[in-house]
Amino acid sequence: MEKLIITVAPTGSQTTREHTPYLPLTPKEIADSVYEAWQAGASIAHIHVKDENGNNTLDLDTYREVVNRIQDKCDIIINLTTAGGLFMNDEDRLKVCELEPEMATFDAGSMNFGSHVFLNSPQFLERLALKMKEHQIKPEIEIFDVGMLENTMRMVHKGLIDLPAHFQFVLGIQGGMRATPRNLLFLVESIPPGSTWSAIGASKDQLAINTMSILMGGHVRVGMEDSVYYRKGELAKTNAQFVERIVHLSKMLGREIATPNEARDILGLNKSRAAKKHP
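Residue numbers (our numbering): 5 to 283.
Printed below as a string of structure tokens:
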């Protein structure tokens, strides 16, 4: 199997300090947490940012501060959320692409999300795909449910998303697909040949889905965005703890860990472009 890419998602939009006092919120806290995760073995950082009140934001200056702080310390791949939360303005979501991260999220359809609706209209998705192509950003295609695969393939047929693509399967969200082996296997068998994929198991399903992904040749995402507990009843104190566990588990199962540049090769990212951002 190819080496394992570990993504760290340190903050997220739904996790709060009420869930865990260890959640990084300020630009410095987020950047320091990403750096610790990189030291532990993460090669991608999936970034959400907060305002001074701890609310979700897509403010470009806040993003820049986080990204600059991270790139001053390490060469981890930056993957910015274009969602930010459930109720963000479409124009603000599109502006994220102007920062030209190596990767950004592409949430491939609308869905019920807990007691709310996560809206991603076909018109918005076409605009987002075009914006990503314009700025040479690799979409991380977020799949919460089966119909989102069909939405993605329509974009591919229109020439708005290039193959091979990279998919992130998000399982266990209320309103999406359950985090089961059967569902993960179905999704993996449904994507175009040559695609890369990673998987998330929300909350209590994180470690089980991580383990399946390692064994099936996929990649993994961990972090406080997806789960705050290291084990039942024990809060993780750092995001690096989750990364360290995956590194140990993956090596036990016979897979080595990808460095950021090895991850760039696997995902087809432009390493010369990355070098300009992190000399």
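Each residue gets a CB set at the ideal place from its N, CA and C atoms; glycine is no exception.
Legend entry - Beta bridge counterpart(s) of Gly180 as assigned by DSSP: Gln178
Legend entry - Helix, strand or coil at Ala278 [DSSP, three-state]: helix
Inset, instruction - Locate the beta strand (DSSP E) running through Ser207, then write down its first and last residues. - result: First-last for Ser207: undefined, no H or E at that position.
Inset, instruction - Tell me whether Lys236 is buried or exposed, calling it buried when 16 or more other Cβ atoms sit within 10 Å of its Cβ. - result: exposed
Inset, instruction - May I have the straight-line CA-CA distance separating Gln140 from Ala108, to the nearest angstrom? - result: 10 Å
Legend entry - CB of Arg97 within 9 Å of CB of Leu153, strictly: no
Legend entry - Distance between beta carbons of Asp230 and Ala49, contact taken as under 8 Å: Actually they are not in contact, since the Cβ atoms of Ala49 and Asp230 sit about 14 Å apart, beyond 8 Å.
Inset, instruction - Inspect the beta-carbon positions of Thr61 and Leu239 and report whether they are closer than 9 Å. - result: no
Legend entry - C-beta atoms of Trp201 and Phe173 nearer than 9 Å: yes
Legend entry - Of the residues Leu253, Ala278, Gly113, the one placed nearest Ile10, counting alpha carbons only: Leu253
Legend entry - Option in Asp63, Lys162, His52 with minimal Cα separation from Ile82: His52
Inset, instruction - Per DSSP, which residues does His50 bridge with? Please list them. - result: Asn83
Legend entry - Residue(s) in a DSSP beta bridge with Lys142: Met107
Inset, instruction - Select from Gly45, Asn187, Thr19, Thr20 the residue whose C-alpha is nearest the C-alpha of Ala244. - result: Gly45
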